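Here is the structure we will look at.
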Amino acid sequence: MNDELAHLQPAFRAHALLPTSERLQRLSQDRWINYTRADSILTRLRNLLGYPERSRMPCLLLFGATGMGKTLIVQKFIRDHAAHFDEATRSTRQPVAYIQMPPSPGEKDFYEELLGTLGSILPAGVSVTSLRHRARVMARQVELRMLVIDEIHSMLAGTFREQRIFLNALRFLANDLRIPLVCLGTHEAKQALMTDQQLADRFEALELTAWTDDASFAQLLMRFDSILPLRKPSELCQSRIRKRILSLTEGVMVRICRLLEAAASEAIQSGRECIEADLLTDALAAHALVSISERRARRATA
Numbered sequence: 023m024n025d026e027l028a029h030l031q032p033a034f035r036a037h038a039l040l041p042t043s044e045r046l047q048r049l050s051q052d053r054w055i056n057y058t059r060a061d062s063i064l065t066r067l068r069n070l071l072g073y074p075e076r077s078r079m080p081c082l083l084l085f086g087a088t089g090m091g092k093t094l095i096v097q098k099f100i101r102d103h104a105a106h107f108d109e110a111t112r113s114t115r116q117p118v119a120y121i122q123m124p125p126s127p128g129e130k131d132f133y134e135e136l137l138g139t140l141g142s143i144l145p146a147g148v149s150v151t152s153l154r155h156r157a158r159v160m161a162r163q164v165e166l167r168m169l170v171i172d173e174i175h176s177m178l179a180g181t182f183r184e185q186r187i188f189l190n191a192l193r194f195l196a197n198d199l200r201i202p203l204v205c206l207g208t209h210e211a212k213q214a215l216m217t218d219q220q221l222a223d224r225f226e227a228l229e230l231t232a233w234t235d236d237a238s239f240a241q242l243l244m245r246f247d248s249i250l251p252l253r254k255p256s257e258l259c260q261s262r263i264r265k266r267i268l269s270l271t272e273g274v275m276v277r278i279c280r281l282l283e284a285a286a287s288e289a290i291q292s293g294r295e296c297i298e299a300d301l302l303t304d305a306l307a308a309h310a311l312v313s314i315s316e317r318r319a320r321r322a323t324a
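According to my numbering, the sequence shown is numbered sequentially starting from 23.
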């Protein structure tokens with residue numbers, strides 16, 4: 023059996039030997055897949071985290087269509103640089119803080135989100151000035167070295183005046199703490215940040231584009247084949263299958279993931295134990311992508 027599982031990475035071979043119910047459960051769990059594009063972004067983030075302090079720190083804007091994997095890449099980076107307790111100083115160190123942009127660009131909501139992720143207790147009725155001061159103090163106490171703001175395009179929901187105040191707050195915080203900002207969002211995020219020339223000059227903009235049928239995509243599919251709990255190697259790198267996957271998913275990362283998970287589930291339940299071209303039907307893709315839409319709808323109403 024070990025020779026038959028040679029297509030899998032060693033750490034995942036035992037998963038393929040589990041009972042059907044457990045393998046199906048594993049398919050629905052989040053997983054990290056290394057691929058060239060993500061590695062490049064992770065390297066850029068590590069470089070920013072180690073950047074020496076100066077008055078105008080470099081920043082990064084990671085933008086692209088919904089579902090291209092921006093948040094997953096950054097969450098991997100945050101897991102690798104998680105908050106930890108320093109036994110020597112008996113205090114918590116948090117090198118990276120991650121927040122989601124509030125629904126509107128209110129300065130008060132922004133500082134409350136930041137203080138919450140830094141572990142601060144928020145008393146009621148605190149002024150914006152007090153919140154700003156507390157956020158700066160807490161950031162220094164935990165030795166914050168990077169602030170990540172997801173869904174930055176949400177700031178466009180505010181008035182022009184609210185947007186200006188929020189961008190001023192971002193610039194002030196970056197200058198005061200001397201830390202890089204990393205912002206994630208859709209294509210509108212670039213528009214949102216570029217309205218402030220001083221911030222625009224600091225931000226390197228990286229776009230996550232849809233996948234195309236090239237060597238990088240073939241490598242991504244090979245990585246999938248090496249971790250899915252299937253007992254036989256699949257045919258994912260065949261030209262016909264690559265083109266079929268792109269046709270069904272439009273090259274969107276989250277759709278590719280869900281389609282392959284659905285196909286692997288079908289391969290397990292049918293006893294085929296590998297993904298072949300005829301499994302990638304329109305009906306399978308429709309089911310997988312409807313599931314994505316339902317999850318998004320539940321998150322939006324939560």
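C-beta: ideal position from N, C-alpha, C; glycine also. Just so we're clear, the structure is a prediction, and the values are computed from it rather than from any experiment.
Please classify residue i as buried or exposed, where buried requires at least 16 other C-beta atoms within 10 Å of its C-beta.
i: Thr88; result: exposed
i: Gln291; result: exposed
i: Pro124; result: buried
i: Phe239; result: buried
i: Glu75; result: exposed
i: Ser256; result: buried
i: Val312; result: exposed
i: Glu283; result: buried
i: Thr65; result: exposed
i: Leu39; result: exposed
i: Arg101; result: exposed
Shortest alpha-carbon distance to residue i belongs to which of the options?
i: Phe194; options: Thr234, Ala157, Thr65; result: Ala157
i: Arg224; options: Leu189, Ala310, Tyr120, Phe182; result: Leu189
i: Leu71; options: Trp54, Arg245, Phe85, Ala104; result: Ala104
i: Ser261; options: Tyr120, Asp235, Asp218, Arg280; result: Asp235
i: Leu228; options: Met275, Val204, Gly273; result: Val204
i: Gln220; options: Arg53, Pro80, Asn56; result: Pro80
i: Leu30; options: Ala310, Gly293, Glu288, Arg245; result: Arg245
i: Ser152; options: Gln122, Tyr133, Glu109, Leu199; result: Tyr133
i: Leu67; options: Ser77, Arg294, Asp52, Leu84; result: Leu84
i: Arg186; options: Leu281, Met216, Glu210; result: Met216
i: Glu165; options: Leu242, Arg200, Met275, Ser269; result: Arg200
i: Ser211; options: Arg294, Pro127, Arg167, Arg154; result: In the sequence as displayed, the identity of residue 211 is Ala instead of Ser. Taking only the C-alpha atoms, the option nearest Ala211 is Pro127.
i: Asp52; options: Leu268, Gly91, Ala146, Arg167; result: Gly91
i: Ile55; options: Gln241, Leu144, Ala289, Leu306; result: Gln241
i: Leu178; options: Lys98, Ala38, Asp218; result: Asp218
i: Ala310; options: Met275, Glu295, Leu144; result: Met275
i: Arg78; options: Ala33, Arg253, Asn197, Leu302; result: Asn197
i: Gly273; options: Ala307, Ser43, Gly147; result: Ala307
Contact check, residue i vs residue j under 8 angstroms by CB: the rounded distance?
i: Ile297; j: Trp233; result: Contact flag wrong, Cβ pair sits at about 17 angstroms.
i: Ala286; j: Leu49; result: 6 angstroms
i: Pro202; j: Leu82; result: 7 angstroms
i: Ala119; j: Thr139; result: 5 angstroms
i: Ala299; j: Ile263; result: 5 angstroms
i: Glu184; j: Gly207; result: Not quite, the Cβ-Cβ distance comes to about 17 angstroms (not below 8 angstroms), so this is no contact.
i: Val159; j: Lys130; result: Their Cβ separation, rounded to whole angstroms, is 17 angstroms, which puts Val159 and Lys130 out of contact at 8 angstroms.
i: Thr231; j: Gly86; result: 6 angstroms
i: Leu281; j: Leu270; result: 6 angstroms
i: Leu302; j: Arg266; result: 5 angstroms
Nearer than 7 angstroms: is that true of the beta carbon of residue i relative to any heavy atom of the ligand GTP?
i: Leu153; result: Absence of the ligand GTP is noted for the structure shown, with no ligands found whatsoever.
Taking the continuous beta strand (DSSP E) assigned at residue i, which residues delimit it?
i: Ile121; result: 118–122
i: Cys279; result: Segment 275–292 is the alpha helix (DSSP H) holding Cys279; no beta strand (DSSP E) there.
i: Glu229; result: 225–230
i: Thr114; result: 113–115
i: His106; result: 106–108
i: Leu82; result: 81–86
i: Leu302; result: Element bounds for Leu302: n/a, residue is neither H nor E.
Where do the ends of the alpha helix (DSSP H) carrying residue i lie?
i: Asp102; result: 92–102
i: Leu252; result: Premise fails: Leu252 is in no alpha helix (DSSP H) and is neither H nor E.
i: Leu268; result: 261–271
i: Leu64; result: 58–71
i: Leu215; result: 209–216
i: Arg76; result: Careful: Arg76 lies outside any alpha helix (DSSP H) and carries neither H nor E.
i: His29; result: Unbroken run through His29: none, as it is neither H nor E.
i: Glu44; result: 42–49
i: Leu221; result: 219–222
Contained alpha helix (DSSP H) runs [length at least 4] in the stretch 135–190, N- to C-terminal order = 150–163
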